[in-house]
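Below you'll find the structure, written out as structure tokens, and then a few comments.
Number of protein chains: 2
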Amino acid sequence: MDEVRVVPVCGIPDVHPGDDLGALIVSAIVRDERRLGAGDVVVVAQKVVSKAEGRVVQLDGVEPSARAKEWAAACGKDPRVVETVLRESRRVVRMERGVLIAETAHGFVCANAGVDASNVPVGSVTLLPLDADASAERLRARFTAAFGVSVGVIVADTFGRPWREGAVNVAIGVAGLRPLLDYRGCADPYGRRLQSTVIATADEIASAAELVMRKTSRTPAAIVCGADCLGEGSSRALVRDRSLDLFR
Amino acid sequence: MDEVRVVPVCGIPDVHPGDDLGALIVSAIVRDERRLGAGDVVVVAQKVVSKAEGRVVQLDGVEPSARAKEWAAACGKDPRVVETVLRESRRVVRMERGVLIAETAHGFVCANAGVDASNVPVGSVTLLPLDADASAERLRARFTAAFGVSVGVIVADTFGRPWREGAVNVAIGVAGLRPLLDYRGCADPYGRRLQSTVIATADEIASAAELVMRKTSRTPAAIVCGADCLGEGSSRALVRDRSLDLFR
Chain A
143 MDEVRVVPVC GIPDVHPGDD LGALIVSAIV RDERRLGAGD VVVVAQKVVS
193 KAEGRVVQLD GVEPSARAKE WAAACGKDPR VVETVLRESR RVVRMERGVL
243 IAETAHGFVC ANAGVDASNV PVGSVTLLPL DADASAERLR ARFTAAFGVS
293 VGVIVADTFG RPWREGAVNV AIGVAGLRPL LDYRGCADPY GRRLQSTVIA
343 TADEIASAAE LVMRKTSRTP AAIVCGADCL GEGSSRALVR DRSLDLFR
Chain B
143 MDEVRVVPVC GIPDVHPGDD LGALIVSAIV RDERRLGAGD VVVVAQKVVS
193 KAEGRVVQLD GVEPSARAKE WAAACGKDPR VVETVLRESR RVVRMERGVL
243 IAETAHGFVC ANAGVDASNV PVGSVTLLPL DADASAERLR ARFTAAFGVS
293 VGVIVADTFG RPWREGAVNV AIGVAGLRPL LDYRGCADPY GRRLQSTVIA
343 TADEIASAAE LVMRKTSRTP AAIVCGADCL GEGSSRALVR DRSLDLFR
């Protein structure tokens, strides 16, 4: 097994609704005198994907419901943000102690249904992409055309977890890669068949990329080389079915 | 921000109780004509740490309790393994549908309280290290002495997560590094103070390392270069306090 490299894509300008994000990333890579190689995975922050796709809500135009106002008052939040979170939620999983954990239409369970005020102009918030697999696929096609090689793309966001402190970057959209690596039925070195080992490769790649992306440094994309995961897949494979989930 | 590299440490032999794991890893690095650089983080799989420390249970000597027998019969498991899991558990969080999620003495919440039968001789299971921060610190001292530079060490295990399919590698012991990166109070490029962004850097580094460690390929260690996280810290910072946890 060779080494894995995680390379930041620097110099991507501030992204606005309607921008051609794929072209901006390709330009940044080329300007840095780099190129994509076969098998590389480009990890792109959800925030810039959402901005480019116009998934931005101006809070001025949001009329909060009574429920949103009540919860917002109880925990000192902006009722228009809470209203936006509730609109993005298929189901509220926890709403207590100032924390709102919700299930989105995609099935993701995360804080504030992915609605986020950081790294956007004051007075607005971003929503998760409507279909981040499709977002990833559009970027993948752009990169393949620009560099003439097969690559994978991950759209990633930082999610908190139960039981552990700190958020980690995870994949919310994938294209051109296998998000899970399934060892079930493989033998370990002692000849025992592994029973239950499935690794969330796409989430691990997203986390590796975060190490160079960082929240405040305007580096919303990274290239992960050597992860050996190209193939077919959807981020839906990363979402545990509600009927199998013991914590929903 | 420079790139991050993840380098597998190949050629570590099968590890047995009492082995000097630090020496085995140093030998493997040197044999590969590599060395550790200042700021590198060595990620070591829990499995080899547990083996070297003798945290291995021979199932022959385990007398299952009535509760262990009952649960084992209900879901087709080895009652001696279930007994071992219950002994390692401070509290059972979920015990249904064949899945046993438990809180360990360290506060980790994970499947089977970290008891695992893979990659050990048939008829035995490994337990988590008693104090994986101490295990990491012993390895760190060894590496610093061998290579004359400051490095960090992470002892890592693959944990499943609620809501998402697939396990990811996380840090269960750390030495010489800051496990969390706290952005609270920092400004984003729009001048907004980030409110709640804490990143679990140690978990992301563990996940990055897993991309080259892989379960079946006998690569129980990896070197992560360029992650820029050296300092002081404990894996306890990664465990959410039960009183703050909405899912325990």
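Protein chains in written order, with our numbering: chain A, 143 to 390; chain B, 143 to 390. Here a beta-carbon is modelled for each residue, glycine too, at the ideal position from N, C-alpha and C. These numbers were taken from a predicted model, which means no experiment stands behind them.
Distance between A/Asp162 and B/Leu336, taken at the CA atoms: about 27 Å. Taking C-beta separations shorter than 7 Å and ignoring five residues to either side along the sequence, the partners of B/Cys217 in its chain run Gly240, following chain order.
Within the DSSP secondary-structure output, B/Glu238 pairs in a beta bridge with B/Val241. The continuous beta strand (DSSP E) containing B/Cys252 extends over residues Val251 to Ala253. With a minimum length of 4 residues, the unbroken runs of alpha helix (DSSP H) contained wholly in the stretch 167 to 241 of chain B fall at 188 to 194, 208 to 217 and 221 to 230. For B/Ser266, DSSP records a beta bridge to B/Gln200.
The three-state secondary structure of A/Ala288, taken from DSSP, is helix. Taking 9 Å as the cut-off between beta carbons, the residues of the stretch 273 to 305 of chain B near chain A are Thr300, Phe301, Gly302, Arg303, Pro304 and Trp305, in sequence order. Closest option to A/Ala180, judged by alpha-carbon separation, among A/Pro206, A/Val310 and A/Ala369: A/Ala369. Listed along the chain, the chain B residues whose CB falls inside 7 Å of the CB of A/Leu322 are Glu307 and Gly308. A Cβ-Cβ separation of about 16 Å leaves B/Tyr332 out of contact with A/Pro159 under the 8 Å criterion. Distance from the CA atom of A/Gln200 to the CA atom of A/Gly265, rounded to whole angstroms, is 6 Å. DSSP lists A/Val310 as the bridge partner or partners of A/Phe301.
Residue contact check for B/Thr339 against chain A: a CB pair falls below 8 Å. DSSP places A/Arg147 within a strand segment (E or B) once states are collapsed to three. Note on A/Pro321: 16 or more other CB atoms within 10 angstroms of its CB, so buried under the neighbour-count rule. Taking all protein chains shown into account, A/Arg176 has fewer than 16 neighbouring C-beta atoms within 10 Å of its C-beta and is therefore exposed.
For A/Val148 against A/Val366, the beta-carbon gap comes to about 5 Å, under 8 Å, which counts as contact. For A/Ala259, the closest C-alpha among the options A/Val354, A/Asp220 and A/Arg334 is that of A/Asp220. Closest by C-alpha distance to B/Gly308, out of A/Arg173, A/Leu178, A/Arg197 and A/Ala313, is A/Ala313. Here A/Leu386 is exposed, its C-beta having fewer than 16 other C-beta atoms within 10 Å. Taking C-alpha positions only, B/Gln188 is separated from A/Ile341 by approximately 16 Å. Spatial neighbours of B/Thr226 in its own chain (CB-CB distance under 7 Å, excluding positions within 5 residues in sequence) are listed in chain order as Val199, Val204, Val257 and Val267. Where B/Val293 is concerned, there is no enclosing alpha helix (DSSP H), because DSSP gives it neither an H nor an E. Neighbours of A/Glu238 across chain B, judged by C-beta separation under 8 Å: Leu388. Secondary structure of B/Gly256 (DSSP, three-state): helix. By a beta-carbon distance limit of 8 Å, A/Leu319 contacts A/Ala344. Their separation comes to about 7 Å. For A/Ile347, the neighbours in chain B by C-beta distance under 9 Å run, in chain order, Ser349, Ala350 and Leu353. Contacts with chain B at 8 Å (Cβ-Cβ) do not include A/Ser231. Each of A/Ile347, A/Ala253 and A/Val191 was checked against the Cα of A/Cys371, and the nearest Cα belongs to A/Ile347. Rounded to the nearest angstrom, the gap between the Cα atoms of B/Ala276 and B/Val295 is 10 Å.
At a C-beta separation below 8 Å, B/Ile243 has these neighbours in chain A: Leu388. Between B/Arg209 and chain A, the shortest Cβ-Cβ separation is not below 8 Å. Under the 8 Å criterion on CB atoms, B/Glu145 is classed as interfacial with respect to chain A. Proximity of B/Ser260 to chain A, defined by a Cβ-Cβ separation below 8 Å, is satisfied. Taking the Cα positions, A/Val234 is about 6 Å away from A/Glu245.
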